[in-house]
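Enquirer: First the structure, which I've put down as structure tokens, then a few questions once you've had a look.
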């Protein structure tokens with residue numbers, strides 16, 4: 001016969017087991033993902049503690065923080081016990097974590113391999129559910145001197161205007177550029193439109209002595225390099 005065990009609220013737990021107290025006593029690295037989220041939401045509901053609620057949310061997303069970082073306030077609010085305010089806290093915290101990764105990019109980055117560019121661009125595209133087109137601006141030593149958003153699109157595509165791209169590159173005195181856009185689907189295979197616009201931009205760059213070194217298709221897990229594949 002299974003014994004019924006009443007679930008206790010966080011305030012009635014042993015002090016060492018409470019997420020806030022645990023963080024103060026032992027440091028943030030000793031907390032589980034569920035305990036960290038429990039601190040953000042503050043309280044659970046009459047049926048489960050904040051930690052139990054956090055575990056349920058994580059379990060729904062297969063304990064994948066990468067997936068959790070992409071969901072909206074509306075998605076989180078569907079969980080019983082998560083109102084708009086709690087959902088906003090979670091989304092804001094995950095966005096801060098993403099931005100921290102972006103600011104950790106070294107100030108001076110020389111692009112020697114396609115992966116160098118990918119690592120700079122990954123924080124830009126991470127967790128987006130729509131397409132964006134960016135360019136990296138490089139000097140004659142292939143050091144990145146800037147990055148610029150060109151356009152935003154929907155789930156299936158975005159527009160990349162050559163006039164805007166080269167105007168920005170010339171204004172920044174770039175010697176070369178790297179094109180980049182993301183595929184929210186996770187599929188890195190270039191579309192016929194991707195191939196067409198790349199060819200057009202490469203040819204335009206040659207006329208201006210402002211060379212297109214590469215075009216990257218970026219996802220959260222991998223990337224496709226037109227340069228590595230011999231398409232530039």
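Numbering (full-length UniProt numbering), first residue to last: 1 to 232.
A virtual CB, placed ideally from N, CA and C, is assigned to each residue, including glycine.
All figures in this text were calculated on a predicted structure; none of them were measured in a lab.
1) Cutting at 6 Å between CB atoms, please list the residues of its own chain near residue 224, excluding the five before and the five after it.
2) What residue from 22, 87 and 27 has the CA that sits closest to residue 54's CA?
3) Near residue 33, what residues of its chain come up, given a Cβ to Cβ distance below 8 Å and the 5 sequence neighbours on each side ignored?
4) Measure the C-alpha to C-alpha separation of residue 166 and residue 69 and round it to an integer number of angstroms.
5) Rounding to the nearest angstrom, what Cα-Cα distance links residue 132 and residue 213 in this structure?
6) Taking residue 181 as the reference, give the member of 112, 72, 122 and 143 with the closest Cα.
7) Report the residue ranges of all alpha helix (DSSP H) runs contained in full by the region 98-181; include only those spanning at least 4 residues, in chain order.
8) How many Å lie between residue 94 and residue 222 at the Cα?
9) The alpha helix (DSSP H) with residue 60 in it runs from where to where?
10) Taking the alpha helix (DSSP H) that residue 26 falls in, what are its first and last residues?
11) Which of helix, strand or coil does DSSP assign to residue 30?
12) Residues in the same chain with beta-carbon distance under 6 Å from residue 110, minus the five sequence neighbours each way, listed in chain order, please.
13) Which same chain residues, not among the five before or five after residue 164, have their C-beta less than 7 Å away from its C-beta?
14) What residues match up with residue 216 in a beta bridge as DSSP calls it?
15) Could you check whether residue 108 and residue 91 sit closer than 7 Å to each other, using their CB atoms as the reference points?
16) Would you kindly report the start and end of the unbroken alpha helix (DSSP H) that includes residue 230?
17) Thinking residue 219 and residue 172 are a contact (beta carbons under 8 Å), I'd like their distance in whole angstroms, please.
18) CB residue 175 to CB residue 140, shorter than 7 Å?
19) Please return the same chain residues whose Cβ sits closer than 8 Å to the Cβ of residue 138, not counting the five positions on each side in sequence.
20) By Cβ distance below 7 Å, which residues in the same chain neighbour residue 128 in space, the five residues on each side in sequence not counted?
21) Should residue 35 be labelled buried (16 or more other beta-carbon atoms within 10 Å of its own) or exposed?
Expert: So, from the listed chains and residues:
1) Here the question's residue 224 lines up with position 224 in the chain shown. Around residue 224: 188 and 217.
2) As a working mapping, residue 54 is identified with position 54 in the chain shown. Considering only alpha carbons, the answer is 87.
3) The sequence position of residue 33 within the chain shown is 33, counting from 1. Around residue 33: 54, 58, 63 and 65.
4) The residue you call residue 166 lines up with position 166 of the chain shown. The residue you call residue 69 lines up with position 69 of the chain shown. About 34 Å.
5) As a first step, residue 132 is located in the chain shown; it is residue number 132 there, counting from the start. As a first step, residue 213 is located in the chain shown; it is residue number 213 there, counting from the start. So the two alpha carbons sit approximately 19 Å from each other.
6) Reading the chain shown from its first residue, position 181 is the one you call residue 181. When only C-alpha atoms are compared, the closest one is 122.
7) 114-125 and 162-171
8) Residue mapping note: residue 94 aligns to position 94 of the chain shown, counting from 1. Residue mapping note: residue 222 aligns to position 222 of the chain shown, counting from 1. Distance between the alpha carbons of residue 94 and residue 222: 21 Å.
9) Locating residue 60 in the chain shown gives position 60, where the first residue counts as 1. Residue 60 -> alpha helix (DSSP H) spans 50-60.
10) Position 26 of the chain shown holds residue 26. Counting along the chain, the alpha helix (DSSP H) containing residue 26 begins and ends at 19-26.
11) Taking the chain shown and counting its residues from 1, the one referred to as residue 30 is at position 30. Of the three classes helix, strand and coil, the one that applies to residue 30 here is helix, per DSSP.
12) Taking the first residue of the chain shown as 1, we reach residue 110 at position 110. Excluding positions up to five away in sequence, the list reads 142 and 143.
13) Within the chain shown, numbered from 1, the residue matching residue 164 stands at position 164. Result list for residue 164: 150, in chain order.
14) On the chain shown, position 216 is the one that residue 216 refers to. Residue 216 is bridged to 180 and 225.
15) Taking the first residue of the chain shown as 1, we reach residue 91 at position 91. Taking the first residue of the chain shown as 1, we reach residue 108 at position 108. Result no, Cβ atoms of residue 91 and residue 108 do not sit closer than 7 Å.
16) Along the chain shown, read from residue 1 onward, the residue named residue 230 stands at position 230. That residue, residue 230, is in no alpha helix (DSSP H); it is neither H nor E in DSSP.
17) Locating residue 219 in the chain shown gives position 219, where the first residue counts as 1. Locating residue 172 in the chain shown gives position 172, where the first residue counts as 1. At roughly 27 Å, the Cβ-Cβ gap does not stay under 8 Å, so residue 219 and residue 172 are not in contact.
18) Working through the chain shown from its first residue, we reach residue 175 at position 175. Working through the chain shown from its first residue, we reach residue 140 at position 140. A contact, by the Cβ cut-off of 7 Å.
19) Working through the chain shown from its first residue, we reach residue 138 at position 138. Cβ within range, chain order: 111, 144, 145, 174, 175, 176, 177, 178 and 213.
20) The residue given as residue 128 occupies position 128 in the chain shown. Contacts found: 182 and 184.
21) Position 35 of the chain shown holds residue 35. Classification of residue 35: buried, given that the 10 Å Cβ count is 16 or more.
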